[in-house]
Structures are given as C-alpha cells and as structure tokens.
DNA sequence: ACATTCTACGAAAACGTTTTCGGTAATCGT
DNA sequence: ACGATTACCGAAAACGTTTTCGTAGAATGT
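Spelled out as structure tokens, the structure:
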C-alpha cells in the first residue's frame, strides 16, 4: 500500500526543497540542526531509502557485477559464485548472474543485455561453444567500451583482461606424479575434447609427467569424452580394453563413472587401480570409495576474481592499463581411491 | 576507448533533437523516412543500445528479479535458480542473486539492498535462522510497498504471497509407504530439526504412513540432525542403536552418510536395509549404491516461481490481489538402494 | 484565397538523485 | 554603521530515456 517514498515527497510534506532534504540526509553543514533533525526523523519514520536506480544513473556506476557462466548446477561454478558473492557483497556490490548453457549465442545475448549499463564489469567463464569457435567479438566489444572483464577457469588469450586460473598443466603433472610415486606405471587419463582448455592442459601435464620419468606415452592412454552426459559406454570400453593400474580423471563425474565400471569389472580400488580426480566437490567426498582429488578452489577463485574486478572499477585513474593472470594453487586431497 | 554512445551524442552529431532520434529508432510515424534511415544507420554503425538504467528509471520497472536463497552450493537451490533463469530470460527479465548463508541478518540486509528499486520482485527461500526466529518483518515491509514475493520450498504462512512447494507431508508419506509395500516394517527416519519446515513435514508424513498401517510410532525411530556438517557420529549412533530394515533420509547427504555407516557395520543395501532419500541430485545418482529418491523438481519449481512472479508483475490491474500456492508433484526414482 | 489538415520536427517534463551555484538574511569585525 | 563573512536554503543542471505537446511550414480542401 504505502508507496515508496522519495525525496520529492518528503520535500513536499515538509515544505522544503528537494536539495535541502538530500543535504540534510547526508549531514551537510549547510543545513541547520533543527531542519536536519526534522527531515531525518520524517525519513526514518517512512523508511526512506535512496533509489538505487536513480543513483546508478547519476553516478554512472551501478555497483553491480555481471557473471556469465556455462551452468550453475555444476558444483565448481556454484562455489565460484559463492566466492564472488562473498567479496562483492562485502564491498557493497551486487551480483547478477546469467547462464550461457554452454551456448555461444546465449553468451552473446546475455553479454549484450548486461553491457547496456546494467553492470560495471564482468566475471565470466567461457562456454564450450565459444571455446570451440574461438569467436570473441562480443568480449572485445565490451572491453572496447571500457568495461573491465575478469575471466576464470575457461579463459582466452585474445582479450586484454585479468584472469584467474589454476595451472592446469602443473596440476595434471602433480596428479600424475602422485600416482607414479605410488609405484604405478600403467596410467590412463579420462579427459574432455581438446577445445576445452582445462582438459587439454591437464592432459598435457599428464603427458609431461610421464615423459619426464622416461615413459613412452601412447594414444591409447587417452580417452577424450565428447558428450559428458553419456560417458558410461566410452569409459567402460576404455578401462576394459586397457590394463591400467591407475587413472586420472579431469572431473568428478568421469572419476565416479570409471570407479563404478572398474568395480563392476571386478577390480578393487585402490589396490588394483588407483584414481585421482579433479574438482574437489560433493561426489569425491561421498562416493564409494571416496576420491583423491586435486581441488579447484572455486570459492577462492571467485573471491580473487571479484577483488580484482572491483579494484579495477575503483581505480578511476585509467592509466592503470596492465592486466594480470592470477594462478591459484591447487591442493591434493588424499582419500580412499589412492593407496 | 569508444565510450558508450547515447541519444544525445547521436542527436548532436546529426544536428537533430534528442526526441527525433528516439522516435526514429522506435519507428515513429512522426519522422520522415529519410531522417529515420539516416539515424538508424548511424546508430547501428556505433552500436547504439539504449541504457537500461535510464529506462528503468523512466519506466519505474527494472525487468530484474531478485533471488534470495540460503546457499548456492546446494544442488537443489542451483537447480531452482536454473529454472528461474530460464523462464525469466525467456520473458526478458534478468536475475540478481544474493545468498543469506542461512543467516537472518544477511537475509534482511540483502532484502533491503534489493528493495531500493533494484528489482521488480522477489523469489526466495527462507534461511534457517529466519525459520527459527519466525521474524518476517522484512518480508512484510517489502510486500507493503507493493513489491510481490514468491516463496519456494522454505516458506512461511504469515506473508501474503504466492508459494511454490512440494507437498512434503505427502512426499514423506509416499517414501514411507513405498518401503512398507516392499515388506519392511522396522523403519527409521533421519531428518533435520523441527523448525526447518521440510524436515518436520516429511517426518509427519512418515508418521502418518506408519500409523495408517497400524504401526506404533516411537521416538527412537526419529533422528533430528542439528549440525548438517557434522552428522556422521549421530547417524552412526542411530543405526547401531536400532535394528532398522529401512530408512528414510530427508536429504542426500544424510542418506549417503547413513549408507556408508551401514556398509561399515556390515549391513547390505538394500538386502538388509533399504533406503529412500529426498532431493534427486548428483549424490543419489552416483553414490554406491545409487539411491532411490523423491525428486524435488527444483528446475520446475524455479520455472513456476518465475512465471508466477512475472505474471503478477505484468498484470498492471492491481485488483488481482489473490495469492496461490502451487504444489509441485514429486516423483519417486527407483535405484539400487531399494529392492 | 483562405481555412483546415498533415508532416516533420523540437522543447520540455518526468523518473530520483546529488551537487554546484546563487542568494537572502543575519552576524561579525572594526 | 558599513562592508564582509557566515548560516541556511532553493534553483537548476546532470545522468539517458520516452512521451506529450506545441508549432512551423507544406499540402489539401472548398
């Protein structure tokens, strides 16, 4: 019922000017104590809150951050958002989220919708289609307009912006080396198709680790999953056709699927086959057996991304035109899937 | 570099008035074809897009929906957001997300931040603290200002608004009845503390189902978890002290934890103990054994909530002051944890 | 030829703020 | 007592739109 109260209404009710009300509420010395108190009391009584849209228009900044990610139901992305939200809120920013659903077109549309003044800057992770097409014109348009972008996880190098990533090669290396140190020597890796950066890079780390130890690396050790939602068959094939004593999986889902297939085939984990997965999420913690994982620190990545974006937004001095790539350290969490 | 282009800049460059530009771009008949084309061409060339903040201020509507949920890393909430986002986007709305982290204060603060004109309406699920305190003044303030709210899952009855819930009593009944029909007769339920609605209601359904079948229901059949992050001990106790042949768990986490504890105690699932869980998420699908669950249809709930909110927002005729509670049907998904 | 109707455009208000600039009194200094 | 300062307040511009209204000139009607 009680419609929203504005400066104008207060000014009319109290027979003063709008500017007087505004100044009074912001404790300007130009207003007498008497008038100020009267106005403040009235404002409080009617629960006045400045209209944020009007402020945005006036100040030319919205105090909002736009997020574009492929999916929100992936635990990793959810943790990133959680991290972004935490530091953004703490610095007085709000978070608008849009989902690309791994679609290039939706990514472009969402970006255009947000870039029309709705937000001050972007935090995003590219869709699979975008990675595949290598078409970044929408990103370039936004940066050209002077709107900063911080990319995380799935990034590209063609756009000048800050980035927050994990060193996927090193992490792949670490996972592999960990298995080698446990005495394993017949390793396989279950990865994604190559245009997904993280899959390619982790595979590369896998390869490098093996080569450093003098192993020959052969194609049959690599499984590249195309359709993540229907991976059972491919994974089952993979483990049956090869005689691995250990596996690296670039995400939890592949790992759990492989784990089940192995158990079904009568192999014991970790005795017969050891496993290391990426993304330390729910599944790793609660699968049977629980999975040794390389944690992706989504929460931390989100926090860092938000901090960097806000820093850029609030350094009005535009001279600051340098871009940084933050590499977040991964952490190996040992669980039951490794001896 | 190329700063954002506005109507004013176009009008100056083309030596016409701002109103002419605006009309031309909106295909007004008041503008000659020649002028219109010239303006449109220029606008396209410089990629003009109307500033959404200015539009929001002018139209007194933002085309944005505010979401407040306890946590985003819970799969159920993530699916709800996904559903909201889908239908909202399709109808030209954007989604702003804030997290209460189960804290009453943060819920209030977030609500106040969003209610200052940032959004047109709310979709929310209450924090645990709010449910416990039963303090809804912040909700009432918002509805009093004429801003609609749609609540889902964790709702309260003190606020006039639309609601989207599952019939938790019926669902608890269904889960229990399912086990009874499988011939089980020593049932237990692992639930949350009573101020969390869903836990209480599902427990009630459990009780009713048993009573209808003529069973006596005793306190030792109920476990109410206080601290969801440290539930192992309590659950282990619960299953060791009782000789259940089947369990209902009000969420996946409890179910998986119980499943592990049971297997550790040498019980086979489902032969010795059958289990039904709530929330059909990742864990249920990938745990060992996989879990029979009552799906919560988060995606659908989110979609319905968004549709109802937008419907309310766009029915300018304020006469429409009736509120509806939509009950989403649950679906039982049978997996390995039941015979 | 004169009144009327179109055509095509501009001026201005409105949305809710903040801030700069002016201006009127009253107070001060000498 | 007179100029200068101070205390207090209002007008107006600005942010970027859309829309209502006004109006000049041209075209039309009789």
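Protein chains in written order, with my numbering: chain L, 36 to 374; chain D, 36 to 374.
Ideal placement from N, C-alpha and C gives every residue a C-beta, glycine not left out.
- Cβ neighbours of residue 82(L) within its own chain (closer than 8 Å, five residues either side excluded): 40.
- Residue 328(L) is bridged by DSSP to 312(L) and 368(L).
- Residue contact with chain L for residue 225(D): absent (no Cβ-Cβ distance below 9 Å to any residue of chain L).
- What residue 133(L) touches in chain D, judged by beta-carbon distance under 8 Å, is 120, 124, 129 and 130, going in chain order.
- Rounded to whole angstroms, the separation of the alpha carbons of residue 147(D) and residue 202(D) is 30 Å.
- Using a CB distance cut-off of 9 Å, residue 265(D) does not count as an interface residue toward chain L.
- Leaving aside the five residues that flank residue 195(L) on each side, the residues in its chain whose CB is nearer than 6 Å to its CB run, in chain order, 358.
- Boundaries of the beta strand (DSSP E) harbouring residue 259(D): 257-260, taken from the DSSP string.
- Residues of chain L with a Cβ closer than 8 Å to the Cβ of residue 318(D) are, in chain order, 317, 318 and 321.
- Only 85, 86, 87, 88, 89, 91, 92, 97, 107, 108 and 110 from the stretch 85-110 of chain D bring a Cβ to less than 7 Å from some Cβ of chain L.
- Secondary structure at residue 244(L): helix, using DSSP grouped into helix, strand and coil.
- Straight through space, the alpha carbons of residue 337(D) and residue 76(L) are spaced by roughly 41 Å.
- Going by beta carbons, residue 161(L) and residue 182(L) fall outside the 9 Å limit.
- For residue 166(D), no chain L residue has a C-beta closer than 7 Å to its own C-beta; the minimum C-beta separation is roughly 21 Å.
- Below 8 Å, enough C-beta pairs join the stretch 197-214 of chain L and the stretch 243-261 of chain L to call them touching: three or more.
- Residue 42(L): member of the alpha helix (DSSP H) spanning 42-49, first to last residue.
- By the CB criterion at 9 Å, residue 173(D) and residue 317(D) fall outside the cutoff.
- Straight through space, the alpha carbons of residue 108(D) and residue 253(D) are spaced by roughly 35 Å.
- The three-state secondary structure of residue 182(L), taken from DSSP, is coil.
- In chain order, 116, 119, 130, 131, 132, 133, 157, 158 and 159 place their CB closer than 8 Å to the CB of residue 102(L), counting only its own chain and leaving out the 5 sequence neighbours on each side.
- At a cut-off of 3 residues, the continuous stretches assigned as beta strand (DSSP E) that sit fully inside the stretch 122-165 of chain L are 129-134 and 156-159.
- Listed in chain order, the beta strand (DSSP E) runs fully inside the stretch 179-231 of chain L are 184-187, 197-201 and 222-227, counting runs of at least 3 residues.
- Neighbours of residue 147(L) in chain D, taken as residues whose beta carbon is under 8 Å from its own, are 84 in chain order.
- Of the other Cβ atoms in all chains shown, 16 or more fall within 10 Å of the Cβ of residue 286(D); this residue is therefore buried.
- The count of Cβ pairs closer than 8 Å, one atom from the stretch 300-309 of chain D and one from the stretch 271-288 of chain D, reaches three, so the stretches are in contact.
- Under the Cβ distance rule, residue 286(D) does not count among the residues neighbouring chain L, no pair being separated by less than 9 Å.
- Residue 55(L) sits in a helix when the DSSP states are folded into three classes.
- In the DSSP assignment, residue 362(D) falls within the unbroken beta strand (DSSP E) covering 360-363.
- A residue is called buried when at least 16 other Cβ atoms come within 10 angstroms of its Cβ; residue 300(D) does not meet this threshold and is exposed.
- At a Cβ-Cβ threshold of 9 Å, residue 227(D) and residue 270(D) do not count as neighbours.
- Within 7 Å of the CB of residue 39(L), the CB atoms of chain D belong to 180, in sequence order along the chain.
- Of the other Cβ atoms in all chains shown, fewer than 16 fall within 10 Å of the Cβ of residue 50(L); this residue is therefore exposed.
- Chain D has no Cβ within less than 9 Å of the Cβ of residue 143(L).
- Excluding five sequence positions before and after residue 366(L), the CB atoms of its chain that fall closer than 6 Å to its own CB belong to 330, given in chain order.
- Within the same chain, 294, 304, 305, 370, 371 and 372 come within 8 Å of residue 324(L) by CB-CB distance, once the 5 residues on both sides are set aside.
- Per DSSP, the continuous alpha helix (DSSP H) segment holding residue 342(D) begins and ends at 333-349.
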